[in-house]
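To start, the structure under review is shown below, and the notes come after it.
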Amino acid sequence: MKHMFKLKTTLCALAIVGVMTLVSAAAAQALPDKVSKVAEVQGITEYRLANGLQVLLFPDSSKPTLTVSTSYRVGSRMEGYGETGMAHLLEHLTFKGTKNIVNVGQELSKRGIGFNGQTGPDDTKYFETFPATADTLDWVLGVEAERMTAANIAKSDLDSEMTVVRNEMESGENSPARILSEKMAAAAYQWHSYGKSTIGARSDVENVNIAHLQNFYRKYYQPDNATLVVAGKFDPAHALAVIAHDFGSLPKPARVLEPTHTTEPVQEGERMVTLRRPGGEQWVALLYHIVAGTSPDAPAFDAIASALGDDPNGRLYKRLIETRKAQENYVTTRLLVDPGYLQIEVKLKPTDNIEEVKKILLDTVEGLAREPITEEELKRAKLKNKNGFERFFDNPQSFAFGVANAATFGDWRLIFAQYEHMQNLQLADVNRVAAQWFKPSNRTLGMFIPTDHPDRVPAAVKTDVAAMMKDFKAGEAIAAGEDFVATPENIEARTERVTLPSGLKLMLLPKKTRGETVVVDLQMHFGNEENLRGQRPAGELVGQMLDRGTTRHTRKQLSDASDAIQTNLGVQGWISGAKAGLQTKREHLSAALNLLAEILREPSFPPDEFAQLKNEVAGGLESSAKEPQLIADVALHRYLHAYAYDDPRYSTSFDEHLKEVNAVKLDDVKRFYQKYWGMDHGEIAVVGDFDAQAVKAQLTALFGSWKSSMPYQRVPGVLSTAAPKVLVAETPDKQNAIAIGSIPLALRDSDPDFPALGVAGHVWGAGFDSRLNKRIRQKDGLSYGVGGGISASGFEEADGQLGMGAIYAPQNRAKLEAAFADELQRFVHDGISAEELASAKQAIATQRNTMYAADGAEANLLVDRTLQNRTLAYDIDLASKTDALTLEQVNAAIRKWIKPDAAIWSLAGDFAKADCKPPMLCTPKSG
348 MKHMFKLKTT
358 LCALAIVGVM
368 TLVSAAAAQA
378 LPDKVSKVAE
388 VQGITEYRLA
398 NGLQVLLFPD
408 SSKPTLTVST
418 SYRVGSRMEG
428 YGETGMAHLL
438 EHLTFKGTKN
448 IVNVGQELSK
458 RGIGFNGQTG
468 PDDTKYFETF
478 PATADTLDWV
488 LGVEAERMTA
498 ANIAKSDLDS
508 EMTVVRNEME
518 SGENSPARIL
528 SEKMAAAAYQ
538 WHSYGKSTIG
548 ARSDVENVNI
558 AHLQNFYRKY
568 YQPDNATLVV
578 AGKFDPAHAL
588 AVIAHDFGSL
598 PKPARVLEPT
608 HTTEPVQEGE
618 RMVTLRRPGG
628 EQWVALLYHI
638 VAGTSPDAPA
648 FDAIASALGD
658 DPNGRLYKRL
668 IETRKAQENY
678 VTTRLLVDPG
688 YLQIEVKLKP
698 TDNIEEVKKI
708 LLDTVEGLAR
718 EPITEEELKR
728 AKLKNKNGFE
738 RFFDNPQSFA
748 FGVANAATFG
758 DWRLIFAQYE
768 HMQNLQLADV
778 NRVAAQWFKP
788 SNRTLGMFIP
798 TDHPDRVPAA
808 VKTDVAAMMK
818 DFKAGEAIAA
828 GEDFVATPEN
838 IEARTERVTL
848 PSGLKLMLLP
858 KKTRGETVVV
868 DLQMHFGNEE
878 NLRGQRPAGE
888 LVGQMLDRGT
898 TRHTRKQLSD
908 ASDAIQTNLG
918 VQGWISGAKA
928 GLQTKREHLS
938 AALNLLAEIL
948 REPSFPPDEF
958 AQLKNEVAGG
968 LESSAKEPQL
978 IADVALHRYL
988 HAYAYDDPRY
998 STSFDEHLKE
1008 VNAVKLDDVK
1018 RFYQKYWGMD
1028 HGEIAVVGDF
1038 DAQAVKAQLT
1048 ALFGSWKSSM
1058 PYQRVPGVLS
1068 TAAPKVLVAE
1078 TPDKQNAIAI
1088 GSIPLALRDS
1098 DPDFPALGVA
1108 GHVWGAGFDS
1118 RLNKRIRQKD
1128 GLSYGVGGGI
1138 SASGFEEADG
1148 QLGMGAIYAP
1158 QNRAKLEAAF
1168 ADELQRFVHD
1178 GISAEELASA
1188 KQAIATQRNT
1198 MYAADGAEAN
1208 LLVDRTLQNR
1218 TLAYDIDLAS
1228 KTDALTLEQV
1238 NAAIRKWIKP
1248 DAAIWSLAGD
1258 FAKADCKPPM
1268 LCTPKSG
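Residue numbers for the sequence shown follow the numbering used here, beginning at 348 and rising by one.
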């Protein structure tokens, strides 16, 4: 089910559950020198090195990938006066040079390893994800050991990265909701660092003292302040030996880290924040202080957040969204090491009555004492928690981050204890917490009301985690999957292909998966270029209406039904086709397919839901019409493809789209569905743990006779003949600008030059070591987000292009455009180097193998290849041709296909305020 509900939590509560398993030295197996085994829970083993490093190993042979995560217990909470943003700056600089590595980010990117960093209030995390090989694991562990204590943190690196960090800071300035949230936290916290943004104050970041930053690094980036997690397919004994060798040689520092001690006092009255700036929507928000993440009361806040914010069952959804008084609502529970906060945000159109919404919002939230949480609401919250916890182990990256987060709270096993405490939560405790904490005196809003008799919440206290966990015992282990080597050859060999009587093409790939999971990916196609003319407004709303009610279930009942069978299900549609997908467990697959068929074949098109959908779409368009990236993208697409207005390929402007949405009738949508929807032209793939024969029979019964009444022929793409041009749009008071460029190519992915161009596109704009990243981000420091690549259609020589783009400060427009022009000319004139070719081949192969490892990606690939009348033999052939490419072939293809003078650019930003001295693209406004 596609949920609009945005309930976010960090760490649910915990309880003293069971008996923890400590391993005595006598019982332990032979371990490397200076390594001790501490605890083992559900296949996860904790070790401790003599220097204090905590190591968590979670081998899972069913996953052909590996994730390595290194977490340091340092975040914005540890920053002192004038030091805000230091933890985040270090995250950036540790991707630069170390004692033995010139550029960590580039070396990771060259090997095709997925990587990133994340700085929060309480910790800083790094991760690398890659296909499971011992050599890559050894290399990654060596890199993490290297930058743990030997990163350069050089002034030159700080200077070159400063513009990038500033650009990242400015990119957030474009979001009124984000800035409002930051200012509310600052108003809510008088003393504690949780009131400060993780990215830091601009003045602190821009004036940081390099010596202070180096001292901050040496203080916190140490083995006794870190947790190393390895999760996925690997040999634990080998990994532990490498860890002992690489990390064990690092000395335990002599310094002692003192715990932070600032405690935020109880709030004594309402606080108010008002933000005034341009934007396409209104927001009203509330913030309440709550307990720390380790408090026994913490899970009650998750239950309350669910009761308030769930879509479509939450109280705020029913009172504000269903009534069309507002567009969206969000509930965020920030459970942190120290007492955190719960925040509620409501998005409104510019014409909505914000005072009316504010009153309903306050009455609902602060009325919890007189309108308690119900047993049904608590049951729904527990079910969502249960489904999320069971999916937790399917993704090594989310698992690594989750246990590292729990370790920051004091014990990694909290991840299990918190789940059990949530499942055992009592309704009386939920309502006690609601009555205690959701009071006017604990509120931050856009107003201030003094009172003679403040009604204060109880003071929050920290919990003794060691005492809480001393009797902990884990629950039942999750079923393991098979050791399936996910190569295109093996995927193709195991896939069974069947055509159903309706014409629907079915691909079945059964295999044992961890947790007995299964995914389904479905595509359907209808209409043709002529019979779809004039059908766009109705056709594009059908897919969004299907999961809003059927002849047997309301929207709320559909949501509850999907939760009850532990299924994530989504449907989307457009004028000439639709997609649907689901993820579930083996035991629920039959019920999930029945529910999907009901949604697709028995929609009821409720009038109230249709009115609500139109309201939501209209609000989204009004908001999007002020965002630089969307404005530039729409302008470019409309210029590249100037179809007639009634053509199904026509791209509407924001105003046109809004007029169409306001004018379309429910009967139009119903008629489009009845005429066009059917399964006679479509593809469906099922991948995971299932009975192939049973699924084949069920899908035949569900979709084997469903056909469209309208003739079908794929609407073809047409090669753009647009002349080179610069399109410029002004977006006043937006801190970031966007530049999007395209060189159209008459290229199909079966062209003999396509493999060479694929490698060229990777070198051009993919990854940390691409030409664009090295020049525009790393050398010139102009953009936090820059990239590009080459794409081509699988059907005709129509939609190919060399693409490129970047976000940047409007005042840097001239420098950015000159950099793009220079790099494009060098790319064509000089070609790529032998080193770049080798690096690109390796990265492409690694990324390809990583993609094959995900069940959802396998299902999507099978569907796409079948739509193109291909098997995975295409992918095998493409990989072979890519691996065999010579430098001469790639550079010849670049010179043949890429014409810098044919570039078309679309720019959007507040250029009126920028001092723009025209080079290539900084020209008088056009378009």
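Glycine included, C-beta positions come from ideal geometry on N, C-alpha and C.
- request: Identify the continuous beta strand (DSSP E) that holds ALA1086 and give its terminal residues.
  value: Start at 1 with the first residue of the sequence shown, and residue 1086 comes out as number 739. Unbroken beta strand (DSSP E) run through ALA1086: 1084 to 1092.
- prompt: Nearest-angstrom Cα distance between VAL832 and HIS585?
  reply: Within the sequence shown, residue 832 is the residue found at index 485, counting from 1. Within the sequence shown, residue 585 is the residue found at index 238, counting from 1. Distance between the alpha carbons of VAL832 and HIS585 is about 21 Å.
query: Can at least three beta-carbon pairs, one atom from the stretch 987 to 994 and one from the stretch 1064 to 1071, be found at a separation below 8 Å?
result: yes
query: Just how far apart, CA to CA, sit ARG1095 and GLN1148?
result: Within the sequence shown, residue 1095 is the residue found at index 748, counting from 1. Within the sequence shown, residue 1148 is the residue found at index 801, counting from 1. When rounded, the distance between both Cα atoms is 10 Å.
field: Environment of ASN556 [buried if 16+ CB atoms lie within 10 Å]
entry: Counted from its first residue, the sequence shown places residue 556 at position 209. ASN556 should be labelled exposed.
field: Contained alpha helix (DSSP H) runs [length at least 4] in the stretch 422 to 469, N- to C-terminal order
entry: 433 to 440, 451 to 457
message: By alpha-carbon positions, which one of SER1186, SER416, THR417, MET433 ends up nearest to ARG424?
response: Residue numbering aside, residue 424 sits at position 77 when the sequence shown is read from its first letter. Ranking SER1186, SER416, THR417, MET433 by Cα distance to ARG424 puts MET433 first.
query: Looking only at DSSP bridge pairs, what is VAL750 linked to?
result: Your numbering for residue 750 matches position 403 in the sequence shown. VAL750 is not bridged to any residue.
task: Assign ASN962 to one of two classes, buried (16 or more other C-beta atoms within 10 Å of its C-beta) or exposed (fewer than that).
output: Position 615 of the sequence shown holds residue 962. When all chains shown are included, ASN962 counts as buried.
query: In this structure, does DSSP put PRO406 in helix, strand or coil?
result: As a working mapping, residue 406 is identified with position 59 in the sequence shown. Note: PRO406 maps to strand in three-state DSSP.
Span separating the alpha-carbon of LEU1324 from that of PRO612: Outside the modelled stretch of the chain, which goes from 348 to 1274, sits residue 1324, for which no answer is possible.
query: Which value, in whole angstroms, describes the spacing of the CA atoms of TRP759 and ASN752?
result: Translated into positions along the sequence shown, residue 759 becomes position 412. Translated into positions along the sequence shown, residue 752 becomes position 405. About 7 Å.
Rounded separation between LEU597 and LEU505 - CA only: Counted from its first residue, the sequence shown places residue 597 at position 250. Counted from its first residue, the sequence shown places residue 505 at position 158. Near 25 Å, if we compare the C-alpha coordinates of LEU505 and LEU597.
- prompt: How would you write the range of the beta strand (DSSP E) that MET854 sits in, first residue to last?
  reply: Numbered from its first residue, the sequence shown carries residue 854 at position 507. It spans 852 to 857 - the beta strand (DSSP E) in which MET854 sits, taken as one unbroken run.
- prompt: By how many angstroms is the C-alpha of LEU1119 removed from the C-alpha of TYR1131?
  reply: Numbered from its first residue, the sequence shown carries residue 1131 at position 784. Numbered from its first residue, the sequence shown carries residue 1119 at position 772. TYR1131 and LEU1119: Cα-Cα distance of roughly 12 Å.
field: Same chain, Cβ closer than 7 Å to ARG933, neighbours up to 5 away in sequence not counted
entry: Here residue 933 refers to the residue found at position 586 of the sequence shown. Here the set comprises GLU863, VAL865, ASP1036, PHE1037.
field: Per-residue burial, TRP1024 [other beta carbons within 10 Å of its own, 16 or more giving buried]
entry: Here the question's residue 1024 lines up with position 677 in the sequence shown. TRP1024 is buried by the Cβ-count criterion.
message: From the DSSP secondary-structure annotation, give me the bridge partner or partners of LEU1074.
response: Against the sequence shown, residue 1074 aligns to sequence position 727. The partner list for LEU1074 (beta bridge, DSSP) reads SER1253.
message: So, at 6 Å on beta carbons, what are the nonlocal neighbours of ASP1127 in its own chain, with the 5 sequence-adjacent residues on each side left out?
response: Taking the first residue of the sequence shown as position 1, residue 1127 is located at position 780. Excluding sequence neighbours, ASP1127 sits near ALA1166.
query: Under a three-way DSSP split, which group does PHE1258 fall into?
result: Numbered from 1 along the sequence shown, position 911 holds the residue referred to as residue 1258. Here PHE1258 sits in helix by DSSP.
field: LYS530 to ARG618 span [Cα, whole Å]
entry: Sequence index remark: in the sequence shown, residue 530 carries index 183 (1-based). Sequence index remark: in the sequence shown, residue 618 carries index 271 (1-based). About 11 Å.
Extent of the continuous beta strand (DSSP E) to which ASP980 belongs: Taking the first residue of the sequence shown as 1, we reach residue 980 at position 633. Element bounds for ASP980: not the beta strand (DSSP E) but the alpha helix (DSSP H), 975 to 987.
field: Contiguous beta strand (DSSP E) assignments of at least 3 residues, all confined to the stretch 493 to 520
entry: none
query: Near ALA535, which residues of its chain fall below 6 Å by C-beta distance, leaving aside the five closest residues on each side in sequence?
result: Indexing the sequence shown from 1 puts residue 535 at position 188. If we look at ALA535 and ignore the five residues flanking it on each side, its Cβ neighbours are LEU634, THR791.
field: Nonlocal neighbours in the same chain, by C-beta distance under 7 Å from SER332, ignoring five residues either side
entry: The structure shown does not extend to residue 332, since the chain is modelled only from 348 through 1274, so no value can be given for it.
- prompt: Is it right to say ARG420 is buried, meaning 16 or more other beta carbons lie within 10 angstroms of its own, or is it exposed?
  reply: Here residue 420 is taken as the residue at index 73 of the sequence shown, counted from 1. Buried, because 16 or more other Cβ atoms sit within 10 Å of the Cβ of ARG420.
message: Assuming contact is defined by CB atoms lying nearer than 8 Å, are GLN770 and LYS729 in contact in what I supplied?
response: Stepping through the sequence shown from its first residue, residue 770 is reached at position 423. Stepping through the sequence shown from its first residue, residue 729 is reached at position 382. Taking 8 Å as the Cβ cut-off, GLN770 and LYS729 qualify as a contacting pair.
query: Run through DSSP, which three-state label would SER906 get?
result: Numbered from 1 along the sequence shown, position 559 holds the residue referred to as residue 906. If DSSP states are grouped into helix, strand and coil, SER906 belongs with the helices.
query: Per DSSP, LEU488 is paired with what?
result: On the sequence shown, position 141 is the one that residue 488 refers to. Bridge partners of LEU488: none, in fact.
message: Are the CB atoms of TRP784 and VAL693 within a distance shorter than 8 Å?
response: Looking up residue 693 in the sequence shown gives position 346. Looking up residue 784 in the sequence shown gives position 437. Not in contact: VAL693 and TRP784 (Cβ atoms no closer than 8 Å).
field: Under the three-state DSSP convention, the category LEU1047 falls into
entry: As a working mapping, residue 1047 is identified with position 700 in the sequence shown. The amino acid occupying residue 1047 in the given sequence is Thr; Leu does not appear at that position. The answer is helix: DSSP assigns THR1047 an H, G or I state.
- prompt: Where in the stretch 1110 to 1197 do unbroken runs of the alpha helix (DSSP H), each at least 4 residues long, occur, reported from the N-terminal end onward?
  reply: 1160 to 1177
- prompt: Under three-state DSSP, which class holds TRP1244?
  reply: Walking along the sequence shown from the start, residue 1244 turns up at place 897. Note: TRP1244 maps to helix in three-state DSSP.
query: Where does the unbroken beta strand (DSSP E) through SER418 begin, and where does it stop?
result: If you number the sequence shown from 1, residue 418 lands on position 71. Taken as a continuous stretch (DSSP letters only), the beta strand (DSSP E) holding SER418 covers 412 to 419.
First and last residue of the uninterrupted alpha helix (DSSP H) at MET871: Locating residue 871 in the sequence shown gives position 524, counting from the first residue. MET871 -> not in any alpha helix (DSSP H); beta strand (DSSP E) instead, spanning 864 to 872.
field: Endpoints, the beta strand (DSSP E) within which LYS384 is located
entry: In the sequence shown, the residue the question calls residue 384 occupies position 37. 382 to 388 is the span of the beta strand (DSSP E), which, as asked, contains LYS384.
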